[in-house]
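Report on the following structure.
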Amino acid sequence: MPIRRRRLDQQLTAMILVRVGFLVVLLLPYLLQRIYTFSTLAYNDSVISQAILQLFTAITVSFFNLNYGGSFYLFLITSTRFRRQVKYVFINKCWRIYCRKRIFQNQVVALVQSTASELDLQQIQ
Numbered sequence: 052m053p054i055r056r057r058r059l060d061q062q063l064t065a066m067i068l069v070r071v072g073f074l075v076v077l078l079l080p081y082l083l084q085r086i087y088t089f090s091t092l093a094y095n096d097s098v099i100s101q102a103i104l105q106l107f108t109a110i111t112v113s114f115f116n117l118n119y120g121g122s123f124y125l126f127l128i129t130s131t132r133f134r135r136q137v138k139y140v141f142i143n144k145c146w147r148i149y150c151r152k153r154i155f156q157n158q159v160v161a162l163v164q165s166t167a168s169e170l171d172l173q174q175i176q
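Reading the sequence shown from the start, the letters are residues 52 to 176 in my numbering.
Structure below.
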C-alpha cells in the first residue's frame, strides 16, 4: 500500500475517532437531562427547581446542537486534506462567483426608444 494512501487512512481514522468522542461528550449531558426530566415529570416541584431544570435543558440542547456544526470545525482541525479542500472551495469557487456578480452588477443598459416613424417603416416592410 502506498505511503500516501496510508496517511489518508490515518487522517480518516483520526477524524472518525475525534468525531465519535465529540459526539459522546455533547450527547451524554443531553441524554442525562432527558432521563432526569422524564423521571421527575410526575413530581410537583417548586418554581425554582423548574427554572433550574429549564436552564439545564437549554444548556444541554445547545450542546446537542453544537454537535452538527462542530463536525466541520473538528474535521478542519484534524485533516490537512479537508483543510485544503475547504480552502479550494472558498477561495476558488466562492470568490469567483462573488467577483463575477460584482463585475456585472454595475453595467448600464441602453434604453431603446422607437419613434412613430420607425414603427411605420417596419410595418410597411
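All C-beta atoms in this analysis are idealised placements derived from N, C-alpha and C, irrespective of residue type, glycine included.
Pairing Arg-56 with Ser-130, the inter-Cα distance amounts to about 14 Å. A distance below 8 Å separates the beta carbons of Thr-111 and Tyr-81. Sequence-distant Cβ neighbours of Ile-148 in its own chain, meaning closer than 8 Å and more than five residues away, do not exist here. By the criterion of a C-beta distance shorter than 8 Å, Gly-121 is surrounded in its chain by Phe-73 and Leu-77, once the five residues flanking it on both sides are discounted. Non-local beta-carbon contacts of Phe-133 in its own chain, meaning distances under 7 Å to residues more than five positions away in sequence, involve Phe-126 and Leu-127 in chain order. Runs of the alpha helix (DSSP H) lying entirely within the stretch 84–146 and spanning at least 4 residues, in chain order: 98–129 and 131–139.
Taking Ile-54 as the centre and dropping the five residues before and after it, the same chain places no C-beta closer than 6 Å to its C-beta. The residue from Thr-91, Asn-118 and Leu-104 with its alpha-carbon nearest to that of Val-75 is Asn-118. By the neighbour-count criterion, in which 16 or more other beta carbons inside 10 Å mark a residue as buried, Gln-101 falls on the exposed side. Straight across, the Cα-Cα distance linking Leu-79 with Thr-64 is about 22 Å.
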